[in-house]
Each structure stands twice: as C-alpha cells, then as structure tokens.
Amino acid sequence: MSSTKLLPDSPVAMTAQSTEQSLSRFLVLLMATGAGLSVASLYYSQPMLGVLASDIGTSGQAAGMVPTLTQLGYALGILLLAPLGDRHDRRNIMLFKAGLLVLALLLAGLSPSLAVLLPASLLIGVSATLAQDIVPAAATLAPEAQRGKVVGTVMTGLLTGILLSRVISGVVAEQYGWRAMFFIAACTILLIGLAIRRFLPRFQPSTSLPYHALLGSLFTLWRKHGALRRAAIAQGLLSVGFSAFWSTLAIMLHNSPFHMGSAASGAFGLAGAAGALAAPLAGHVADRRGPELVTRVGAGLAAFAFVMLSLAPLCSMQVQLILLAAGAVLFDLGVQASLIAHQAVIYRIDPAARSRLNAILFVCMFIGMSLGSVLASVLLASYGWCAVTVFAAIASLLALAVRCWKHILL
Numbered sequence: 100m101s102s103t104k105l106l107p108d109s110p111v112a113m114t115a116q117s118t119e120q121s122l123s124r125f126l127v128l129l130m131a132t133g134a135g136l137s138v139a140s141l142y143y144s145q146p147m148l149g150v151l152a153s154d155i156g157t158s159g160q161a162a163g164m165v166p167t168l169t170q171l172g173y174a175l176g177i178l179l180l181a182p183l184g185d186r187h188d189r190r191n192i193m194l195f196k197a198g199l200l201v202l203a204l205l206l207a208g209l210s211p212s213l214a215v216l217l218p219a220s221l222l223i224g225v226s227a228t229l230a231q232d233i234v235p236a237a238a239t240l241a242p243e244a245q246r247g248k249v250v251g252t253v254m255t256g257l258l259t260g261i262l263l264s265r266v267i268s269g270v271v272a273e274q275y276g277w278r279a280m281f282f283i284a285a286c287t288i289l290l291i292g293l294a295i296r297r298f299l300p301r302f303q304p305s306t307s308l309p310y311h312a313l314l315g316s317l318f319t320l321w322r323k324h325g326a327l328r329r330a331a332i333a334q335g336l337l338s339v340g341f342s343a344f345w346s347t348l349a350i351m352l353h354n355s356p357f358h359m360g361s362a363a364s365g366a367f368g369l370a371g372a373a374g375a376l377a378a379p380l381a382g383h384v385a386d387r388r389g390p391e392l393v394t395r396v397g398a399g400l401a402a403f404a405f406v407m408l409s410l411a412p413l414c415s416m417q418v419q420l421i422l423l424a425a426g427a428v429l430f431d432l433g434v435q436a437s438l439i440a441h442q443a444v445i446y447r448i449d450p451a452a453r454s455r456l457n458a459i460l461f462v463c464m465f466i467g468m469s470l471g472s473v474l475a476s477v478l479l480a481s482y483g484w485c486a487v488t489v490f491a492a493i494a495s496l497l498a499l500a501v502r503c504w505k506h507i508l509l
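The numbering used here puts the sequence shown at residues 100 to 509.
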C-alpha cells in the first residue's frame, strides 16, 4: 500500500469514499485537462515560427531555437524537478509550477525580441513539467482496481493536448497573431492553477531524502528494477517511431507528389488524436487482464502500422493518404496504449517513488523522441519517406522484442 496520504488540512474535506466519488466524477477531468493544457504549452510555438520570426525581426533559423529551448527545458524539468513530488506535497509543487508557467507564457507573449523570448521559452519548458506531477497524483488518488483506467483518462488529456496544440495555435496565430496564443495559454493555466488550489487534496511526502540523494536514487531505482528498465526502454523505442513520423510528416506532405500545406498536417494530427482517445480503454484492459498484454499489443499495433506505411508508396496517391490516416490512428493507439500500460507497471514497483519512476520513464521517452526526430530528418533528406517508416517499424519491433522476452534487460 502506498505511504502517500491526504493531509487533514486539505482545502476540500474528503473521506476515502468521497475522494473516490469525486475522483470519478470531477477530479479526473480536472487532472486530465490540467495535464493537457500544461503540456500543450510546449508545442504552441511550432506552427507560429514563421509569423513570429517576421514580427520580431529575426531569421527562421534563429526562431527555431524557441521550440528547441522549450523541449530542453522540459527535459531538464523532468530530470531535476519531477522527483520532488516524492519529497514534498505534490499539490504545492503543482501550484508553484502553474504560477511559474503563467509568468513564462506572459513573458513570451510580451517579448520584444528573441533575446527575451528564448529564456522565456526555456522557462515554459521547465514549468510545463506540471503535467508530470499531475499523472503520479492521479495514480495516488485512484483506487488500486481502477488505477490503470484513471491514469489512462488523465493521459488522454495529456496526449490530446500534445496532438491538438499545433492545430489550435496555428489557427489562433493566423487570426489574432502569435502573441495572442501565449496570452490565451497563460489564462488557461491560471484557471487550472486556481482549480487545483480549490479542489485537489494535499499529499503527504513519501520520503525525507535530501535533494541530492533523491536524484541519486534515480540510478538506484534503474539498477534495482528490471521491470522499470524494460518499460522505459520499450517506451523510448516506441517514441522513436512516434517522433520520426510526426517530425517529418509536414515536410513529406509539402513535397512532391502531394504539395499540401500545414493545414493538411494538422488534419493528420486530428487523426492521431482519435487514437489517443482509446487510452482509458487501454488502462481498463490493463486493470482487468494485466499490463503485460497491453504493452505487447500496443507495440505490435505500432509495428504493423509502420510496416503498412512503408508499403504506401507502392499505391496510388489517394490510397496513400488513406493509409497515412489509418496508420496515424493505429500507431498512435499502440504507442499510447503501451504508455498507459507501462505506467501501470512502474507504479506497482514502489508506491513511495512514483514521481521518480515517472521521471525515469519520461526521460527515456524524451531521449527516444529526440533521436527519432534527428535521425528521421536525415533519413528523409537522404533516402525518402519510405526510409523513415522502415526506421520507425524497426524501432517498434525492437520495443515488441523487449516486451516479449523478459530475460532482456533483467
């Protein structure tokens, strides 16, 4: 049983029974929305770079540092700040990060030059790790028999925020300007922060380790638990394929024979979002049948989708577009289902270390996404889209191998 408990001075008085009832009816929705809106802050800038660069008088290449620093800040925040959720009241950490994220978004929207926007972008990334405090909080509040389903629902919010953020920011920037998107984002995070303060209970720390020991324990957890290593590496490999597809799709559609604009890429993002909506179902199956089955099915779905996409160039243009949409739904469903199941796996390892376990999982995911993006760009430029999909299929098959042969990475 977890040693994390609700403190008696919670702003909302809850018995165990009322906590479960509120969790099912309201708190899950609040946490899913908070996770989605906070992680969306990482991606708002990407579709706006052209307009942004022109407005503040900088080159497109220099403006490209904005999303780069945002992602870097997110990685640093996960590694250095997410473990604090085991050491301090998670609710206080969430409130602090929400306030910091509001200030960072306002600073970005008011930036007169790139010199101000770049540090603001780094700060957005660091504070957007609010999402990585919400997910372990959901796992802690959920009853054991419903943990996978609850985490799956919260992750649906997070993943939908990732997939829809680019579409929304592109529309807002076109209609109202790039600064408006940052201001709107700041308002949404402010509302989430106020709701967290009002409705989310306090959490009792599960460890008294000092900060340096807390970070050191990440390596101890990695060495000690083979289940953690398998989950993190398998999900990292799936993230390679996920990032390879989404980071090169817009370029591929822009080139011959499609010659499509950014709106078409956004439409495929909506197709991917449909896959993310199945995350609660994956969590429910993990609760009923065990997470191992879900991880294997998820990796298998992703591998099948990428193999199918690698054969798409042999078909007519119309069939290729249909296969692209179907592949986006299938592999996204596989990747997200595996993520939910892997979280179910690691949260069972040590309830007192959920924030640190979650940090390890997502750091490996970030590494996979970074590698997938870089290598896919090289492959697309040198060998074409087919090479990207074959590369993604190989990464997914390796993830499936990690899940099927338990002696690997023991």
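Beta carbons are placed, not taken as given, at the ideal position from N, Cα and C, and that holds for glycine.
Cβ distance (whole Å) where residue i is taken to contact residue j below 8 Å
{"i": "Leu320", "j": "Leu129", "result": "Contact doesn't hold; Cβ gap of about 29 Å is too wide."}
{"i": "Gly397", "j": "Thr259", "result": "With 8 Å as the limit, Gly397 and Thr259 do not qualify as a contact, their Cβ atoms being about 17 Å apart."}
{"i": "Gly471", "j": "Ala343", "result": "4 Å"}
{"i": "Ile177", "j": "Phe465", "result": "7 Å"}
{"i": "Gly172", "j": "Arg278", "result": "Actually they are not in contact, since the Cβ atoms of Gly172 and Arg278 sit about 20 Å apart, beyond 8 Å."}
Three-state secondary structure assigned by DSSP to residue i
{"i": "Ser305", "result": "coil"}
{"i": "Leu497", "result": "helix"}
{"i": "Trp504", "result": "coil"}
{"i": "Asn191", "result": "helix"}
{"i": "Ser210", "result": "coil"}
{"i": "Asn457", "result": "helix"}
{"i": "Ala241", "result": "coil"}
{"i": "Pro356", "result": "coil"}
{"i": "His324", "result": "coil"}
{"i": "Arg447", "result": "coil"}
{"i": "Pro146", "result": "helix"}
{"i": "Phe490", "result": "helix"}
{"i": "Arg395", "result": "helix"}
{"i": "Cys414", "result": "coil"}
{"i": "Arg186", "result": "coil"}
{"i": "Thr157", "result": "coil"}
{"i": "Ser476", "result": "helix"}
{"i": "Pro300", "result": "coil"}
{"i": "Ser140", "result": "coil"}
{"i": "Gly315", "result": "helix"}
{"i": "Gly163", "result": "coil"}
C-alpha distance - residue i paired with residue j, whole-angstrom precision
{"i": "Ser220", "j": "Ser137", "result": "14 Å"}
{"i": "Ser305", "j": "Ala451", "result": "5 Å"}
{"i": "Leu408", "j": "Cys485", "result": "8 Å"}
{"i": "Ile493", "j": "Leu400", "result": "13 Å"}
{"i": "Leu499", "j": "Leu438", "result": "13 Å"}
{"i": "Ile445", "j": "Leu327", "result": "6 Å"}
{"i": "Leu308", "j": "Arg186", "result": "7 Å"}
Cβ shell of residue i (< 7 Å), same chain only, five flanking positions each side left out
{"i": "Ile184", "result": "The amino acid occupying residue 184 in the given sequence is Gly; Ile does not appear at that position. Closer than 7 Å at the Cβ level, and outside the excluded window around Gly184, lie Ile192, Asp232, Pro235 and Ser454."}
{"i": "Arg395", "result": "Leu499, Arg502 and Cys503"}
Residue nearest to residue i in terms of C-alpha spacing, selected from the options
{"i": "Leu216", "options": "Ile261, Thr252 and Leu151", "result": "Leu151"}
{"i": "Val473", "options": "Leu380, Ala491 and Thr287", "result": "Ala491"}
{"i": "Val225", "options": "Val201, Leu497, Ala381 and Ala443", "result": "Val201"}
{"i": "Phe125", "options": "Phe403, Ala241 and Ala285", "result": "Ala241"}
{"i": "Phe281", "options": "Ala500, Val249 and Ile223", "result": "Ile223"}
{"i": "His441", "options": "Lys248, Ala174 and Gln145", "result": "Lys248"}
{"i": "Leu337", "options": "Leu317, Gln419 and Met468", "result": "Met468"}
{"i": "Leu179", "options": "Ser415, Leu229, Ile421 and Ala427", "result": "Leu229"}
{"i": "Thr239", "options": "Arg329, Val127, Leu141 and Arg265", "result": "Val127"}
{"i": "Val477", "options": "Leu175, Phe302, Met351 and Ala131", "result": "Met351"}
{"i": "Gln170", "options": "Ser495, Val462, Leu497 and Lys505", "result": "Val462"}
{"i": "Leu141", "options": "Glu273, Arg186 and Ala285", "result": "Ala285"}
{"i": "Met254", "options": "Ile421, Arg395, Ala381 and Leu423", "result": "Ala381"}
{"i": "Arg301", "options": "Leu204, Ala237 and Pro182", "result": "Ala237"}
Neighbourhood of residue i by C-beta, 8 Å cutoff - its chain only, sequence neighbours within 5 removed
{"i": "Ile295", "result": "Leu129, Gly133, Arg190, Met193, Leu194 and Ala197"}
{"i": "Leu148", "result": "Gly159, Ala162, Gly163, Val165 and Pro166"}
{"i": "Gly276", "result": "Val150 and Asp154"}
{"i": "Ala475", "result": "Ser342, Ala343, Phe344, Ser346, Thr347, Val487, Phe490 and Ala491"}
Own chain, CB closer than 6 Å to residue i, minus 5 neighbours either side, in chain order
{"i": "Leu299", "result": "Arg190"}
{"i": "Val489", "result": "Ser409"}
{"i": "Thr157", "result": "Leu213"}
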